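Chemist: Have a look at the structure that comes next, please.
Number of protein chains: 2
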Amino acid sequence: MEGPTEIAKNKHFGGFNKRYKYQSRTLGCVTTFTIYFPPAAEKKVPILYYLSGLTCTDENVMQKSGIQRSASEKGLAIVSPDTSPRGLNVQGEADNWDFGVGAGFYLNATQEKWKNWRMYDYITKELPEVLKANFSELDTATASITGHSMGGHGALTLYLQNPGMYKSVSAFAPIANPSVVPWGKKAFSGYLGEDKSAWEAYDATCLVKHYMGETTTEILIDQGDTDGFYKEQLQPENFKKAAEAAGVTVNLRIQSGYDHSYYFVSTFIPDHVSHHAKALLS
Amino acid sequence: MEGPTEIAKNKHFGGFNKRYKYQSRTLGCVTTFTIYFPPAAEKKVPILYYLSGLTCTDENVMQKSGIQRSASEKGLAIVSPDTSPRGLNVQGEADNWDFGVGAGFYLNATQEKWKNWRMYDYITKELPEVLKANFSELDTATASITGHSMGGHGALTLYLQNPGMYKSVSAFAPIANPSVVPWGKKAFSGYLGEDKSAWEAYDATCLVKHYMGETTTEILIDQGDTDGFYKEQLQPENFKKAAEAAGVTVNLRIQSGYDHSYYFVSTFIPDHVSHHAKALLS
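Chain order of the listed sequences is E and Z.
Its first residue numbered 0, the first sequence is counted upward by one per residue in numbering that gives the first Met the number 0.
Its first residue numbered 0, the second sequence is counted upward by one per residue in numbering that gives the first Met the number 0.
Shown next, in the form of structure tokens:
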């Protein structure tokens, strides 16, 4: 496999945002990712993965969240992948903003038409290998995960599906119970088919009921109370209730007056980076 | 004159970004501006105007710079206007990214074709009146000004042309001597005609030579040394040299490894907000 090629580089808060592209074997297409490298440290730096929401690429969080300021202070690398395969010309792939391109939902699709939509394998298997093989500055064995909206769903599910892979998890306005909301039903039926038992493996509220990993690390979730998607699409209370029944502590903070935008994300990013730094640097 | 209509509102760092539109009598078109209101204070808050660069609208700085975090901490309002008139259908107005729409250069054009391009009057006269008449939270008599690239040129020239109007000024990678660089020559000949004596009123390096205002307030300028426009288009050293000959102190900081993007701006925004807070809150 050819290593990633650097396609953009910007100094930021003393470190560098570097964007790469390469041919992914999992996705079967060229994909991009961006890494924020904090100012050069003496030893390898831990990783905080940031998974983005519907319609986003790897660039949005790097341009709009200010996450680099906190990552620079704490000495963490930020890794931001894309949200789906692109450029495969699957019929209708770009007809919907909430399905297909930009809407990978961090799962492995089982329906033939969407066979390249394997963001679960890409994020949990291929990407860490690519990082380990190509970036000696990164301590790929020490990682945490966060994300926004669809990416918050991704962060929670990848964490719960892989005990020990991530030291901590947090989420901004996650799609916390996708099986029961319109975005999730559309995505899951399209990618996974109509058998709802297959959906549970990608639903944080279902997964946490059977979670066998360690439970001492609190899960941090922020949710704005004027977010137009809160009640119809996100339902973080369902997740909190199921988690607590399973002995997993969730700090669900309902933030008064905040919406679903990057203005919301950037306001609380410093708290999330601190949350992960505690787990990654201890 | 009809007051501005709120067209967007997002809570951010405890305050609010609010975007407005209204029919400007100076520009002869509908224009937009955005205000960041810091968390509610007991008394009126001072204003820091932020002028944007080529191709930008009032939105870029609000989405990408993180200025609100610092403004929230210090208790300042940020006012971000657009960069030119829009929607007038002047022939060829959108043919160039560095002239016409998105490229008002903060001057009053004298060439008939561009008669609506009066961003100087708009920013220094009409906008403060609109703010005073419509936003009782703002202390419009206590203001400072900053900007990026073309907006850095705008900040420096408006400050020098209007002693006492702004308490302090700073700039990110300003077009500091437009009369002698390609961007400036193109804009000034197009908007002001070929008589170069008319250009001096809008060139910070010329203006500072005759500046009669107070000189105890240091002018802060940041410039990245890997900025591709630094040597050809910006020339901050010309300004510093002319300013110092006139007894005006310029703190020109050459920032190693930084480019012309908002990654550069956002890195040093906290220093600029602190610089202005010192002048505005003393």
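Note that the Cβ used here is the ideal one computed from N, Cα and C, for glycine as well.
Everything numeric in this text was worked out from a predicted model, so none of it was measured.
1) For E:L191, which residues of its own chain have a beta-carbon under 8 Å away from its beta-carbon, when the five flanking residues on both sides are left out?
2) Nearest to Z:M211 by CA position, among Z:G227, Z:L219, Z:G246 and Z:P181, is which residue?
3) Per the contact definition of three or more C-beta pairs closer than 8 Å, is the segment 64 to 71 of chain E in contact with the segment 89 to 101 of chain E?
4) Who are the near neighbours of Z:P38 in its chain, counting only those whose CB is closer than 7 Å to its CB and skipping five residues on each side?
5) Could you give the uninterrupted runs of the alpha helix (DSSP H) lying entirely in the segment 127 to 157 of chain E, keeping only those of 4 residues or more?
6) Check the Cβ-Cβ distances between Z:H274 and every residue of chain E, and say whether any is below 7 Å.
7) With a threshold of 7 Å between beta carbons, is E:Q62 in contact with chain Z?
8) Does the segment 121 to 130 of chain E touch the segment 226 to 244 of chain E, meaning 3 or more C-beta pairs lie closer than 8 Å?
9) Which residues in the same chain as Z:G52 place their Cβ atom closer than 6 Å to its Cβ, once the five residues preceding and following it in sequence are excluded?
10) Thinking C-alpha only, which one of E:T248, E:N133 and E:Q160 is nearest E:T216?
11) Is it right to say Z:I6 is buried, meaning 16 or more other beta carbons lie within 10 angstroms of its own, or is it exposed?
12) Taking Z:G223 as the reference, give the member of E:K10, E:T4, E:G2 and E:T25 with the closest Cα.
13) Using Cβ-Cβ distances below 9 Å, what residues of the segment 248 to 264 of chain E are close to chain Z?
14) Considering only the beta carbon of each residue, do Z:L279 and Z:P80 sit closer than 7 Å?
15) DSSP beta-bridge partners for E:N275?
16) Work out the CA separation of Z:K43 and Z:A140 for me, nearest whole Å.
17) Rounding to the nearest angstrom, what Cα-Cα distance links Z:A76 and Z:Y49 in this structure?
18) Considering Cα atoms alone, identify which of Z:K185, Z:F187 and Z:A203 is closest to Z:N161.
19) Quick one: is Z:A276 buried, meaning 16 or more other Cβ sit within 10 Å of its Cβ, or exposed?
20) By alpha-carbon positions, which one of E:K63, E:H271, E:T31 and E:T30 ends up nearest to E:V168?
21) Can you have a look at Z:G183 and say buried or exposed, based on whether 16 or more other CB atoms are within 10 angstroms of its CB?
22) Could you check the C-alpha separation between E:T30 and Z:K185 for me, to the nearest Å?
23) Can you tell me which of Z:D57, Z:L251, Z:S135 and Z:Y229 puts its alpha carbon nearest to the alpha carbon of Z:K239?
24) Mind checking which residues open and close the alpha helix (DSSP H) that includes Z:K177?
25) Could you work out which residues of chain E lie near Z:T337, taking near to mean beta carbons separated by less than 7 Å?
26) I need the straight-line Cα distance from E:H152 to E:L206, nearest angstrom please.
27) Let me know the alpha helix (DSSP H) ranges lying completely inside the segment 16 to 90 of chain Z, each 4 residues or longer, listed in chain order.
28) Could you check which residue in Z:G65, Z:L87, Z:G74 and Z:S143 has the C-alpha nearest to that of Z:E41?
29) Can you give the beta carbon distance from Z:F134 to Z:F267, rounded, assuming they're within the 8 Å contact cut?
30) Have a look at E:D221, E:P181 and E:A244 and flag the residue whose alpha-carbon is nearest the alpha-carbon of E:F282.
31) Would you mind stating whether Z:L157 and Z:I174 have Cβ atoms separated by less than 7 Å?
32) Counting only beta-carbon separations shorter than 7 Å, does E:T33 have a partner in chain Z?
33) Quick one: grab the DSSP three-state call for E:T266.
34) Taking 8 Å as the limit between beta carbons, can you name the residues of its chain near Z:E92, skipping five residues before and five after?
35) So, for E:V78: in the same chain, excluding its five sequence neighbours on each side, which residues have a beta-carbon less than 6 Å away from its beta-carbon?
36) For a test of the three-state rule: what should DSSP assign to E:S188, helix, strand or coil?
Modeler: Looking at the atomic coordinates:
1) Against the first sequence, residue 191 of chain E aligns to sequence position 192. Within the same chain, E:L191 has close Cβ partners L106, A108, T109, Q110, A197, W198 and Y201.
2) Taking the second sequence and counting its residues from 1, one reaches residue 211 of chain Z at position 212. Considering only alpha carbons, the answer is Z:G246.
3) no
4) Here residue 38 of chain Z corresponds to residue number 39 of the second sequence, with the count starting at 1. G13, G14 and S71.
5) none
6) If you number the second sequence from 1, residue 274 of chain Z lands on position 275. False, the Cβ-Cβ gap to chain E never drops below 7 Å.
7) In the first sequence, counting from the first residue as 1, residue 62 of chain E sits at position 63. Closer than 7 Å: yes.
8) no
9) Translated into the one-based positions of the second sequence, residue 52 of chain Z becomes position 53. So the list reads H147, S148, M149 and G150, once near-sequence residues are dropped.
10) Numbered from 1 along the first sequence, position 217 holds the residue referred to as residue 216 of chain E. Per the Cα distances, E:T248.
11) Here residue 6 of chain Z refers to the residue found at position 7 of the second sequence. Exposed, since its Cβ has fewer than 16 Cβ neighbours within 10 Å.
12) By one-based count along the second sequence, residue 223 of chain Z stands at place 224. Minimum Cα distance to Z:G223 is reached at E:K10.
13) Q254, S255, G256, Y257, D258, S260, Y261, Y262 and F263
14) Working through the second sequence from its first residue, we reach residue 279 of chain Z at position 280. Working through the second sequence from its first residue, we reach residue 80 of chain Z at position 81. No, the pair does not count as a contact, with Cβ atoms beyond the cut-off.
15) Locating residue 275 of chain E in the first sequence gives position 276, where the first residue counts as 1. Inspection of the sequence shows that residue 275 of chain E is occupied by His rather than by Asn. In DSSP, E:H275 forms no bridge with anything.
16) As a position in the second sequence, residue 140 of chain Z is number 141, starting the count at 1. As a position in the second sequence, residue 43 of chain Z is number 44, starting the count at 1. Between Z:A140 and Z:K43, the C-alpha separation is close to 10 Å.
17) Here residue 76 of chain Z refers to the residue found at position 77 of the second sequence. Here residue 49 of chain Z refers to the residue found at position 50 of the second sequence. Cα to Cα, the separation comes out at about 10 Å.
18) Indexing the second sequence from 1 puts residue 161 of chain Z at position 162. For the residues Z:K185, Z:F187 and Z:A203, the minimum Cα distance to Z:N161 belongs to Z:A203.
19) Reading the second sequence from its first residue, position 277 is the one you call residue 276 of chain Z. When all chains shown are included, Z:A276 counts as buried.
20) By 1-based counting over the first sequence, the position of residue 168 of chain E is 169. Answer by Cα proximity: E:H271.
21) What you label residue 183 of chain Z is simply residue 184 of the second sequence in a count that begins at 1. With 16 or more Cβ atoms within 10 Å of its Cβ, Z:G183 is classed as buried.
22) Mapped onto the first sequence, residue 30 of chain E falls at position 31. Mapped onto the second sequence, residue 185 of chain Z falls at position 186. For E:T30 and Z:K185, the distance between alpha carbons rounds to 40 Å.
23) In the second sequence, the residue the question calls residue 239 of chain Z occupies position 240. Out of Z:D57, Z:L251, Z:S135 and Z:Y229, Z:L251 has the C-alpha closest to the C-alpha of Z:K239.
24) Working through the second sequence from its first residue, we reach residue 177 of chain Z at position 178. Note that residue 177 of chain Z corresponds to Pro in the displayed sequence, not to Lys. Looking at the DSSP string, Z:P177 is not in any alpha helix (DSSP H), and its letter there is neither H nor E.
25) Residue 337 of chain Z lies beyond the range of chain Z shown here (0 to 281); nothing can be said about it.
26) Within the first sequence, the letter at position 153 stands for residue 152 of chain E. Within the first sequence, the letter at position 207 stands for residue 206 of chain E. Answer to the nearest angstrom: the Cα atoms are 11 Å apart.
27) 58 to 63 and 66 to 73
28) Your numbering for residue 41 of chain Z matches position 42 in the second sequence. Taking only the C-alpha atoms, the option nearest Z:E41 is Z:G74.
29) Residue mapping note: residue 134 of chain Z aligns to position 135 of the second sequence, counting from 1. Residue mapping note: residue 267 of chain Z aligns to position 268 of the second sequence, counting from 1. Rounded, the Cβ-Cβ distance is 28 Å, inconsistent with contact.
30) Only positions 0 to 281 of chain E appear in the structure, and residue 282 of chain E is not among them; the question remains open.
31) Reading the second sequence from its first residue, position 158 is the one you call residue 157 of chain Z. Reading the second sequence from its first residue, position 175 is the one you call residue 174 of chain Z. Cβ atoms of Z:L157 and Z:I174: not closer than 7 Å.
32) Locating residue 33 of chain E in the first sequence gives position 34, counting from the first residue. No, no contact with chain Z.
33) Working through the first sequence from its first residue, we reach residue 266 of chain E at position 267. Reduced to three states, the DSSP call for E:T266 is helix.
34) Taking the first residue of the second sequence as 1, we reach residue 92 of chain Z at position 93. Correct list, in chain order: G99 and V100.
35) Along the first sequence, read from residue 1 onward, the residue named residue 78 of chain E stands at position 79. So the qualifying residues of the chain are I34, I46 and Y48.
36) For this step, residue 188 of chain E is matched to residue 189 along the first sequence. DSSP places E:S188 in helix when its eight states are reduced to three.
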